[in-house]
Each structure stands twice: as structure tokens, then as C-alpha cells.
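2 protein chains.
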Amino acid sequence: MARRARMLDVIRQQGFVSIPELRDSLEVSESTIRRDLESLEDSGEARRTHGGVFYTGSVTTVRQFQRGNPNDGAWDKKRAIAFEAAKLVSDHDTVLLDGGSTTYELAKQLVGRPLQIVTNSLPVANLFSASDSVDLVILGGAIHNRTGVTHGPFTDQMLETINVQKAFLSVAGVNEKGFYNSNLLLVETERCMMRSADRTIIVADSTKFGRSSLARMLEWNQVDTLVVDEDLSTLWRDRIDELDTNLILAPLNNSQDTHSNSIS
Amino acid sequence: MARRARMLDVIRQQGFVSIPELRDSLEVSESTIRRDLESLEDSGEARRTHGGVFYTGSVTTVRQFQRGNPNDGAWDKKRAIAFEAAKLVSDHDTVLLDGGSTTYELAKQLVGRPLQIVTNSLPVANLFSASDSVDLVILGGAIHNRTGVTHGPFTDQMLETINVQKAFLSVAGVNEKGFYNSNLLLVETERCMMRSADRTIIVADSTKFGRSSLARMLEWNQVDTLVVDEDLSTLWRDRIDELDTNLILAPLNNSQDTHSNSIS
DNA sequence: CTTATTTTGATCGTTTTTGATCGTAATTCG
DNA sequence: CGAATTACGATCAAAAACGATCAAAATAAG
Numbered sequence: 001m002a003r004r005a006r007m008l009d010v011i012r013q014q015g016f017v018s019i020p021e022l023r024d025s026l027e028v029s030e031s032t033i034r035r036d037l038e039s040l041e042d043s044g045e046a047r048r049t050h051g052g053v054f055y056t057g058s059v060t061t062v063r064q065f066q067r068g069n070p071n072d073g074a075w076d077k078k079r080a081i082a083f084e085a086a087k088l089v090s091d092h093d094t095v096l097l098d099g100g101s102t103t104y105e106l107a108k109q110l111v112g113r114p115l116q117i118v119t120n121s122l123p124v125a126n127l128f129s130a131s132d133s134v135d136l137v138i139l140g141g142a143i144h145n146r147t148g149v150t151h152g153p154f155t156d157q158m159l160e161t162i163n164v165q166k167a168f169l170s171v172a173g174v175n176e177k178g179f180y181n182s183n184l185l186l187v188e189t190e191r192c193m194m195r196s197a198d199r200t201i202i203v204a205d206s207t208k209f210g211r212s213s214l215a216r217m218l219e220w221n222q223v224d225t226l227v228v229d230e231d232l233s234t235l236w237r238d239r240i241d242e243l244d245t246n247l248i249l250a251p252l253n254n255s256q257d258t259h260s261n262s263i264s
Numbered sequence: 265m266a267r268r269a270r271m272l273d274v275i276r277q278q279g280f281v282s283i284p285e286l287r288d289s290l291e292v293s294e295s296t297i298r299r300d301l302e303s304l305e306d307s308g309e310a311r312r313t314h315g316g317v318f319y320t321g322s323v324t325t326v327r328q329f330q331r332g333n334p335n336d337g338a339w340d341k342k343r344a345i346a347f348e349a350a351k352l353v354s355d356h357d358t359v360l361l362d363g364g365s366t367t368y369e370l371a372k373q374l375v376g377r378p379l380q381i382v383t384n385s386l387p388v389a390n391l392f393s394a395s396d397s398v399d400l401v402i403l404g405g406a407i408h409n410r411t412g413v414t415h416g417p418f419t420d421q422m423l424e425t426i427n428v429q430k431a432f433l434s435v436a437g438v439n440e441k442g443f444y445n446s447n448l449l450l451v452e453t454e455r456c457m458m459r460s461a462d463r464t465i466i467v468a469d470s471t472k473f474g475r476s477s478l479a480r481m482l483e484w485n486q487v488d489t490l491v492v493d494e495d496l497s498t499l500w501r502d503r504i505d506e507l508d509t510n511l512i513l514a515p516l517n518n519s520q521d522t523h524s525n526s527i528s
């Protein structure tokens, strides 16, 4: 029957539909809808509940991606920065990843590559825990609730016996004096990270510039490389030019692959 | 139901949500929220606390535990054991949780309680990472890919400076000589756990008995308490009676009433 | 063209869900 | 430690949704 087919299309597309919605959409009475759903449920293609219907066929995956993260404006910048930062990593490198949304984006881009990853971030660790191409080392310590990263003396102590080739750190603010984060213990841990690394690379989007925060983490001369999106003002570009720090500008509208959020 | 699904999305994304937040977000009364949460808790996808909800469902990376048949008898056993084991934990205790599916179930039951948790298990850490009633400490070290737990010298070293009141360890096998697990490094780490704990509690379902594995972890006299489901044979019950080890039998058909209408 | 059968839409009593209220329990604050 | 505040669960009435029933409309058969 044609009506049943259209009904299934609607259900499949929306995942869940209420009976009034179906009535309006198909222009038949609710009684008819109910009868149709009854047989649709018998054939296993939909599952009724109080208030509507669920689709229970295959291919529900599309909908899950749609409901993922709302796309922020700042998020594009972070992705662009992560894209450039990932180019700095060579296969079989030993890489330290700090917590933070930008480093998390970087981590997503590194999944699947043969690397040794050291991190204090729980979300980052989760990304790699399923992968068998990476050797994953977690820095122990107390979890900072809001951010899901370990920090504190345990973490610092563990960092003392670790050496990595490249450390990617995130920041809450940058000003002419240096780089800032909001938590004192975390900042101390990040200093230890810097000491454990041959190269320290800061990833920061342009909105962070000119803003400071509670605790200064590093000074300019301690940073090897800085990756920022291209919205960085010329004022800051000029300032950085005069320093030893290497500046990498990430182009914003590069043809990023569309399926950015693979939940796997 | 559509509302339940949206609710779970919010909970999953934020880790912890208060009831007023959910009311504003979903635009229904708090009574409805409470009722929904009740059923959500019955189906094990969330854990209620005073003031809100924690997400305890699969965090997309817990696949190793989801593998088993959901109606597997072994799963009920693990849940029953976890239920009894949770009774051994007092508020404000310092508790060490090993990796493993049974300890993971235990962890789910402990979410929201005021505790200090130390763990080497990534899935367990994820459960608590959003909680602010818990002080969470992660044992650093290399991740054992298949199981998502840290182990090795880093972990052992960190354990040396830690003391907990109760350690809950899981095992792969139990025979008359002692307790076994399958990985040598992991077993060494678990020995360190035992040394760090005032009380060592083993959680093991009855199917583990009579089976050994590669590496012996502990001997009988090192274990204070053993929690097993009631399917344990009388042979083993008698044996344990003659030892110093405290045996707790978990009843299988306890209050877990069938939540028939949970549509995912 | 008439009759039988099926499908549809409306009505109605019943069940389920919802939102508000209130007494109790837990948590916070002084 | 006690008071105030907040959160919780139980209860109940209103609202929504459901299934059953029946008559009208559409379709098929004779």
C-alpha cells in the first residue's frame, strides 16, 4: 500500500514520529494511523510507544551524526589548527598531548597512525584506547573534574621519568608576557611536560590572544612552535616575528573532509 | 520515547545534569523527569544521585564489556556480585578498583557516592570523571589495549606511594592454590595493589572457579574477602569455610525487577 | 444495479502519562 | 548541633493517548 510506504519513509527519516504528526503528514485519521502502525509493528519495521513510533529497521546511523555536537564558530578554528599541528607529527614519534579541546581535535586526527602517545587527558586516552597502532601511556594522578585531565604531584613525578619528542600544550590565554592557564596545579604539570619534551608546541586559537588567566605557564622563549588560526591579528603576527618562536598559521576554509565527527 | 532519548543525549554529553537543568532543557515538569530517570536507572544507563544524574551507559569505548550477550547469565551474576560488594564500601572510603567487567559493574553502583577512588581502568575512570562527589585518582602507565587498564612499572611505582582502605580485584581464574590472571605485568601490578590496600577483596563469579590462567596473582591467605554469586558449588563453599577468607554469597534474583519497556 | 466486503473516520470508555501538591528526608548553613 | 533550604517520593486529579466499537464510505463481486 502506498500510504504505508510513505509512512515508513517519514518514520525512517525522523527516527521518531508522533501520531498527530503522521496524521497531518498523511492526511488520514488517527484511527487509520493506529491500524497501520499495528501492522507495521507486526512486520518488525517500527516499534510503537505511547505517543508515537520508532523506526527499528537498519541505517539509523545517519541520524546519530546529525545529533552530534553543535558546530561552534570557534570549533572550525580548532579543527584547522589541529589539521596543521598533525602535520608536525611523524610516524613513530613519541608525542605528549595535553588536555583541552584543541588538543582533543588533534588527537582525533592522529588516530590510526603508528605513534607513541603520552597524555594526561581522559578524553584523549579514550580515543586511542581501542587503537592498536598506538602505544598509549596515561599520566597518573588526580583528575581535575571539569576537564578530565590528571594533574598534581603524581603526574609531575611520572613526567620526570618520561621523555617525548614533541609536546602539544593548550592554553587559556596568551599575552605579551607568556602563556596562561586557569589552574595552578595544572600549570605546574604543564611545566613538567615542557621539561620532558624535546620540542614544545602550543596550540591556541586566535581568540585566546590578549587574554590572560590565573597562572602563567610558560614564557615566550620556552616555546618552540605556536600553531594559530589565520584570524590572528597582524599586531600579534608582528610581535611573534620578532621572537624565536616559530609561528604556523592554519588556513580556515580548507577543504576539510565532511565527516569530522566519527564516533566509532 | 523521544523525550527519553533526548534526555540521555544531554546526560551523556554533560556527564552530570541536575533536574532543573533537564526540566528547562526538555520543557516538562520535574515529576516527569524523576519518573523518566527512574526507568533510565533501572535500565542501567544512568545513575541518580541527590541533585541530578550521572551517565553510566557505554561511553562508546566500553565495547569490551558489551560484547557478551546482554541476557547472558554471567552478566546477572556480575551485577549481583557488584551489588553485594557495594555494601562493603562506606561513604568517604578510599577504594581501589581494578579493571574487569565485574569491578566495572561495581563502579557503576558506586557512582554518586562520596568516595576517593583509585583505579587503573579507563572505563571505570570515565564513569567517575564527571562526578564531583568523588576524588578520582588514575594510576598512570601503559595501557593494555584489550582491556583498557594501565599496568607496568609506572603503575607499580605509583602504587607504592598510595594507600587505600579497600582494594577490589578481579580475576580470570580461581583454584585451590590461589587466584590467577592472564597477563604477567598485570598480575605484578595487582600484587602492588594488594600491598597498597588494608583489605583486599576479590570479586569473581562462580564460573571462574576451578579454572586457572597463566600467572598466579595471589594466594588464598592474602585475600580478606571474596564475593561470589550463589551458584558457587558446595564443594568450593566447604573449602573456603576452612580458610581465613571471608566469603560473601550474592543472591541472584534480588530486586532487579524486569524493566520491560526500555526502548533504545 | 445490488450486495457483500473492506477500509475509513468518529465516538466513547479505559488506560497511561503528566503536572501539581504535600509531607518527609537529605543537605547546607549558621 | 539545630534551623533553613533544597530535593525527594507518594498521591491525586487532569490531560493525553489508546483500543474497541460501529456506522459511513469506498471497493469488489455477483
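Those protein sequences? They're chains L and B, same order as listed. For the first sequence, counting from 1, position 223 maps to 223 in the numbering used here; every step adds exactly one. Positions in the second sequence are counted from 1; adding 264 to them yields the numbering used here. The beta carbon of each residue, even a glycine, is placed where N, CA and C say it ideally should be. None of the values given here were measured: they were computed from a predicted structure.
Cβ neighbours of residue 115/L in the same chain (closer than 8 Å, five flanking residues each side left out): Working through the first sequence from its first residue, we reach residue 115/L at position 115. Cβ neighbours of residue 115/L beyond the five flanking positions: 89, 91, 92, 93, 94, 95, 133, 134, 135.
Three-pair Cβ contact test at 8 Å for the stretch 475-483 of chain B versus the stretch 438-456 of chain B: yes
Chain B contacts made by the stretch 143-165 of chain L, where a contact means CB separation under 7 Å: Hits within the stretch, in order: 143, 145, 148, 150, 154, 158.
Cβ of residue 136/L within 8 Å of any chain B Cβ: On the first sequence, residue 136/L is found 136 positions in, with the first residue counted as 1. Residue 136/L counts as touching chain B.
Among 123/L, 141/L, 112/L, nearest to residue 97/L - alpha-carbon criterion: Working through the first sequence from its first residue, we reach residue 97/L at position 97. It is 123/L.
Given residue 198/L as reference, the closest of 241/L, 223/L, 26/L once Cα atoms are compared: Position 198 of the first sequence, counting from 1, holds the residue named residue 198/L. Among 241/L, 223/L, 26/L, the Cα nearest to that of residue 198/L belongs to 223/L.
Whole runs of the beta strand (DSSP E) within the stretch 121-180 of chain L, excluding any shorter than 3 residues: The stretch 121-180 of chain L contains these whole beta strand (DSSP E) runs: 134-138, 141-144, 149-151, 164-170, 173-175.
Supposed close pair residue 279/B, residue 319/B - CB separation, criterion 8 Å: Stepping through the second sequence from its first residue, residue 279/B is reached at position 15. Stepping through the second sequence from its first residue, residue 319/B is reached at position 55. Indeed, because the Cβ distance is near 6 Å, the residues count as touching under 8 Å.
Under 8 Å from the C-beta of residue 481/B: neighbouring residues of chain L: Here residue 481/B refers to the residue found at position 217 of the second sequence. What residue 481/B touches in chain L: nothing, since even the nearest Cβ is about 21 Å away.
Residue ranges of each beta strand (DSSP E) within the stretch 181-240 of chain L, 3 or longer: 197-203, 215-219, 225-229
Residue 381/B versus residue 402/B: straight-line alpha-carbon distance, rounded: Within the second sequence, residue 381/B is the residue found at index 117, counting from 1. Within the second sequence, residue 402/B is the residue found at index 138, counting from 1. If you take the alpha carbons of residue 381/B and residue 402/B, they lie about 8 Å apart.
Inter-residue Cα distance where the pair is residue 4/L and residue 286/B: Working through the first sequence from its first residue, we reach residue 4/L at position 4. Working through the second sequence from its first residue, we reach residue 286/B at position 22. Rounded to whole angstroms, residue 4/L to residue 286/B spans 36 Å at the Cα level.
Backbone secondary structure at residue 329/B - three-state DSSP: Residue 329/B sits at position 65 when you count from the first residue of the second sequence. Summary for residue 329/B: the model assigns pLDDT 47, below 50, so the residue's position carries little reliability; its value from the coordinates is reported in the next sentence. Helix, per DSSP.
Closest by C-alpha distance to residue 218/L, when choosing among 32/L, 86/L, 178/L: In the first sequence, the residue the question calls residue 218/L occupies position 218. It is 178/L whose Cα lies nearest to the Cα of residue 218/L.
C-alpha distance - residue 13/L paired with residue 43/L, whole-angstrom precision: Translated into the one-based positions of the first sequence, residue 13/L becomes position 13. Translated into the one-based positions of the first sequence, residue 43/L becomes position 43. Straight-line Cα distance between these residues: approximately 18 Å.
Counted within 10 angstroms of its Cβ, other Cβ atoms place residue 314/B as buried (16 or more) or exposed: As a first step, residue 314/B is located in the second sequence; it is residue number 50 there, counting from the start. Label assigned to residue 314/B: exposed.
Close beta carbons around residue 504/B, own chain, < 6 Å, minus the five adjacent residues each side: Taking the second sequence and counting its residues from 1, the one referred to as residue 504/B is at position 240. Once the five neighbours on either side are set aside, the close Cβ partners of residue 504/B are 511.
Assumed close pair residue 390/B, residue 414/B - CB separation to whole angstroms, cut-off 8 Å: For this step, residue 390/B is matched to residue 126 along the second sequence. For this step, residue 414/B is matched to residue 150 along the second sequence. The Cβ separation is near 14 Å, so there is no contact.
Check: residue 13/L C-beta below 7 Å from any heavy atom of the ligand SAM: Absence of the ligand SAM is noted for the structure shown, with no ligands found whatsoever.
Whether residue 57/L touches residue 38/L by CB criterion (8 Å): Residue mapping note: residue 57/L aligns to position 57 of the first sequence, counting from 1. Residue mapping note: residue 38/L aligns to position 38 of the first sequence, counting from 1. No, the pair does not count as a contact, with Cβ atoms beyond the cut-off.
Residues of its chain near residue 167/L, where Cβ-Cβ distance is below 6 Å and the 5 sequence neighbours each way are ignored: Within the first sequence, the letter at position 167 stands for residue 167/L. Contacts found: 96, 193, 197, 200.
Closest Cα partner of residue 128/L within the set 109/L, 100/L, 52/L: Looking up residue 128/L in the first sequence gives position 128. Nearest option by C-alpha distance: 109/L.
Coarse secondary structure for residue 320/B, derived from DSSP in three states: The residue labelled residue 320/B in the question sits at position 56 within the second sequence. The answer is coil: DSSP assigns residue 320/B none of H, G, I, E or B.
Residues in the stretch 98-131 of chain L having any Cβ partner in chain B nearer than 7 Å: 122, 125, 126, 129, 130
Alpha-carbon spacing of residue 282/L relative to residue 170/L, whole angstroms: Because chain L here runs from 1 to 264, residue 282/L falls outside it and cannot be looked at.
Status (buried if at least 16 other CB within 10 Å, exposed otherwise) for residue 422/B: Taking the first residue of the second sequence as 1, we reach residue 422/B at position 158. When all chains shown are included, residue 422/B counts as buried.
C-beta neighbour in chain B for residue 94/L, strict 8 Å: Residue 94/L sits at position 94 when you count from the first residue of the first sequence. No, residue 94/L lies away from the interface with chain B (no Cβ there is under 8 Å from its Cβ).
Own chain partners of residue 156/L with C-beta closer than 6 Å, once the 5 adjacent residues on each side are dropped: The residue given as residue 156/L occupies position 156 in the first sequence. Only 189, 192 meet the Cβ criterion.
Contact set for residue 225/L: own chain, Cβ-Cβ below 6 Å, skip 5 residues either direction: Numbered from its first residue, the first sequence carries residue 225/L at position 225. If we look at residue 225/L and ignore the five residues flanking it on each side, its Cβ neighbours are 201, 246.
Residue 227/L versus residue 439/B - alpha carbon distance: Taking the first sequence and counting its residues from 1, the one referred to as residue 227/L is at position 227. Taking the second sequence and counting its residues from 1, the one referred to as residue 439/B is at position 175. If you take the alpha carbons of residue 227/L and residue 439/B, they lie about 57 Å apart.
Under the three-state DSSP convention, the category residue 7/L falls into: In the first sequence, residue 7/L corresponds to position 7, counting from 1. Reduced to three states, the DSSP call for residue 7/L is helix.
Complete alpha helix (DSSP H) runs within the stretch 336-376 of chain B (minimum length 4 residues, chain order): 337-351, 365-374
Local conformation of residue 70/L per DSSP, three classes: Numbered from its first residue, the first sequence carries residue 70/L at position 70. In this prediction, residue 70/L scores a pLDDT of 46, lower than 50, which makes its location untrustworthy; the coordinate-derived value is nonetheless stated afterwards. In this structure, residue 70/L counts as coil in the three-state DSSP scheme.
Nearest-angstrom Cα separation, counted from residue 395/B out to residue 145/L: Numbered from 1 along the first sequence, position 145 holds the residue referred to as residue 145/L. Numbered from 1 along the second sequence, position 131 holds the residue referred to as residue 395/B. Their Cα atoms are separated by approximately 7 Å.
Which of helix, strand or coil DSSP assigns to residue 296/B: The residue labelled residue 296/B in the question sits at position 32 within the second sequence. Of the three classes helix, strand and coil, the one that applies to residue 296/B here is helix, per DSSP.
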